[in-house]
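Colleague:
Numbering (my numbering), first residue to last: 3 to 251.
(1) So the alpha helix (DSSP H) residue 80 belongs to, where does it begin and stop?
(2) Does the pairing of the region 79 to 90 with the region 110 to 122 give three or more beta-carbon distances under 8 Å?
(3) Considering only residues of the region 8 to 45, which uninterrupted beta strand (DSSP E) runs meet the minimum length of 3 residues and lie entirely inside it, listed in chain order?
(4) By the three-class DSSP mapping on this structure, what secondary structure does residue 5 have?
(5) Can you find the residues in the same chain that come closer than 6 Å, C-beta to C-beta, to residue 18, ignoring five residues on each side of it along the sequence?
(6) Would you mind stating whether residue 156 and residue 133 have Cβ atoms separated by less than 8 Å?
(7) Give me the Cβ distance between residue 172 and residue 149, rounded to the nearest whole Å; I'm assuming they're in contact under 8 Å.
(8) Look at the alpha carbon of residue 159 and the alpha carbon of residue 78, and state the distance between them as a whole number of angstroms.
(9) Evaluate contact between the region 61 to 78 and the region 39 to 48, counting only Cβ atoms and requiring at least three cross-stretch pairs below 8 Å.
(10) Starting from residue 2, trace the alpha helix (DSSP H) both ways and give me its first and last residue.
(11) Which residue's Cα is closest to the Cα of residue 194: 231, 186, 55?
(12) CB-CB under 8 Å to residue 96, same chain, minus the five flanking residues each way: which ones, in chain order?
(13) Can you confirm whether the region 123 to 131 touches the region 92 to 110 when touching is taken to mean that 3 or more C-beta pairs between the two stretches lie within less than 8 Å?
(14) Once you ignore the five residues that flank residue 35 on each side, which residues in its own chain have a CB closer than 7 Å to its CB?
(15) Considering Cα atoms alone, identify which of 27, 135, 9 is closest to residue 168.
(16) State yes or no: is the C-beta of residue 210 within less than 8 Å of the C-beta of residue 187?
In structure tokens form, the structure reads like this:
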């Protein structure tokens, strides 16, 4: 119910998969690089393996395990492991270190979902719009410029000493916004992200995306009035802007 969000002053957005379409962006660049080196492969599978390695890492670190907090570093380690596998070893031998570095930086050059930029500009007129991502600050800044994402604030989980889904990341964001948890709404396409935000009292908005995420991330999400966990479910940022624009403040 949008009435449950009447007191929300800040919308806190997940980025990978929620705001930007990582899968299509990766496949596009991988395909171009493969063509350059006259190598054909399952680029969608490559992208999904890269994302799966990331998902495994953040689950480990975000639940108290040890590991790197800098996602550029994490992505590079996963990339090198993929390129060392039997399926991709030949392709890997064709890439020098500079090309691997540039390929790793594809995560800085992700395209927004079709509704992302328009929706964010509309929402920015109503609320503080915040990026809260496991991506490192430089990555998020570069991506914002590349994809025209007009954040008011960019928070990297790295700044708070862990990675999502650790609740200290959400607590850190709320603290630095000088707001109460209920005055902030987490906007994400992943139930686990919203679940952690809800633990500290944030409102929750689920965005339906179809982003080739790991299977264990796929869940049916419902609003609380239908027996679910979240405050609102929308199909796009533009729909969210319309719904929140109907509220009277």
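For each residue, glycine too, the CB sits at the ideal point set by N, CA and C.
Bear in mind the structure is a predicted one, so any value in this text is a computation, not a measurement.
Modeller: Let me spell this out:
(1) The continuous alpha helix (DSSP H) containing residue 80 extends over residues 73 to 85.
(2) Output reads no: the region 110 to 122 does not touch the region 79 to 90.
(3) Taken in chain order, the complete beta strand (DSSP E) segments of 3 or more residues contained in the region 8 to 45 are 12 to 15.
(4) In this structure, residue 5 counts as helix in the three-state DSSP scheme.
(5) The residues are 24.
(6) A contact, by the Cβ cut-off of 8 Å.
(7) Between residue 149 and residue 172 the Cβ distance is about 24 Å, and since that is not below 8 Å, they are no contact.
(8) Their backbone Cα atoms lie some 18 Å apart in a straight line.
(9) Taking 8 Å as the limit for Cβ pairs, the verdict is that the region 39 to 48 does not touch the region 61 to 78.
(10) Residue 2 is absent from the structure shown; the chain starts at 3 and stops at 251.
(11) Ranked by how close their Cα comes to the Cα of residue 194, the residues 231, 186, 55 have 231 in first place.
(12) Excluding positions up to five away in sequence, the list reads 39, 41.
(13) Per the Cβ contact rule, the region 92 to 110 is not in contact with the region 123 to 131 (fewer than 3 Cβ pairs under 8 Å).
(14) Cβ neighbours of residue 35 beyond the five flanking positions: 105.
(15) The shortest Cα separation from residue 168 among 27, 135, 9 belongs to 135.
(16) It is not a contact, given that the beta carbons lie outside the stated cut-off.
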